[in-house]
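What follows is a single structure, written as structure tokens, with notes after it.
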Amino acid sequence: MKDTVFYWSAFTPLLLLTWVFQHIPGLRRWWGLAAATMLAVLVTGVVLLPWMPAPLPWWSASLSADFSIVMAALMLIAILQRASGCTFLTRCEWQTAWIFGACAAVVLYSSAFGVGPQNFDAYALGWPWLFWRESLWLFGSCALVAAFLTWRGNRFGYLLLLAVAAHIGRFQESENFWDYIVDPLYAAVSLMAVFWILGSRVFRRASSRP
-16 MKDTVFYWSA FTPLLLLTWV FQHIPGLRRW WGLAAATMLA VLVTGVVLLP WMPAPLPWWS
44 ASLSADFSIV MAALMLIAIL QRASGCTFLT RCEWQTAWIF GACAAVVLYS SAFGVGPQNF
104 DAYALGWPWL FWRESLWLFG SCALVAAFLT WRGNRFGYLL LLAVAAHIGR FQESENFWDY
164 IVDPLYAAVS LMAVFWILGS RVFRRASSRP
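So that you can map any letter, position 63 of the sequence shown is 46 in the numbering used here, and since no number is skipped, the others follow by simple counting.
Structural data, given as structure tokens:
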């Protein structure tokens, strides 16, 4: 378990760095992956040096939370799509990912801002040992959404199934199910994407009117 957390804490920031490298002018497609690979070798060497007081991944984990399983998978797919030119998720499937992330963000973070029933903490529902019945509803709902999307041929459902499996296997340090399906970055990007989608549709409808 400890080794898994260590490597996951190193892998998730590397995904973000790779995505950033790919969007630097002149470092497109496989050049972005090549630059990220060189960076990974450098980071690995620094981590293995015995004079480090603490491993680099633990520094990253202490400064910021890791990506959720869903966000890490989306980031990896975005990197591979840009590098290879292949389509792993269609536009509709990306929109599904943003809509799901926005809905999860509203449900999770609204209680943190005092919206909803008094003294209601949505995050607490993710602890199976604290509220096992409510946690079962949350876990089951996500599993049903994943199964429905998979049945409909929407490949985003596989990412949700991956998050469910990762939670069962305790892949991350946290035992809270919310941490496997949504994180602040995924929530922020999803909300902005949904607003952009809705705004674009309203603009197109307004433009199409005589």
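Positions of the beta carbon are idealized from the N, C-alpha and C atoms, including for glycine.
Residue 2 versus 57, 52, 155 and 170, residue with shortest Cα-Cα distance | Within the sequence shown, the letter at position 19 stands for residue 2. Ranking the options by Cα distance to residue 2, first place goes to 57.
Since residue 71 contacts residue 60 with CB under 8 Å, what's their CB separation in whole angstroms?
-> The residue given as residue 71 occupies position 88 in the sequence shown. The residue given as residue 60 occupies position 77 in the sequence shown. Residue 71 to residue 60, Cβ: 5 Å. Contact.
Limits of the alpha helix (DSSP H) - the one that residue 63 falls within = Translated into positions along the sequence shown, residue 63 becomes position 80. Boundaries of the alpha helix (DSSP H) harbouring residue 63: 52 to 67, taken from the DSSP string.
Starting from residue 83 and walking both ways along the alpha helix (DSSP H), at which residues does that stretch end?
-> Here residue 83 refers to the residue found at position 100 when the sequence shown is read from its first residue. 74 to 92 is the span of the alpha helix (DSSP H), which, as asked, contains residue 83.
Start and end residues, alpha helix (DSSP H) containing residue 166 | What you label residue 166 is simply residue 183 of the sequence shown in a count that begins at 1. Run containing residue 166: none; DSSP gives neither H nor E here.
Could you pull out every residue in the same chain whose Cβ sits closer than 7 Å to the Cβ of residue 104, ignoring the five residues on either side in sequence?
-> Walking along the sequence shown from the start, residue 104 turns up at place 121. Once the five neighbours on either side are set aside, the close Cβ partners of residue 104 are 94.
Mapping DSSP to helix, strand and coil, what is residue 157?
-> As a position in the sequence shown, residue 157 is number 174, starting the count at 1. Residue 157 sits in coil when the DSSP states are folded into three classes, being neither helix nor strand.
For residue 170, which residues from the same chain have a beta carbon less than 8 Å from its beta carbon, with the 5 sequence-adjacent residues on both sides left out?
-> Residue mapping note: residue 170 aligns to position 187 of the sequence shown, counting from 1. Here the set comprises 84, 85, 87, 88, 91 and 92.
DSSP three-state assignment for residue 6, whether helix, strand or coil | Translated into the one-based positions of the sequence shown, residue 6 becomes position 23. Residue 6 falls in the coil class under three-state DSSP.
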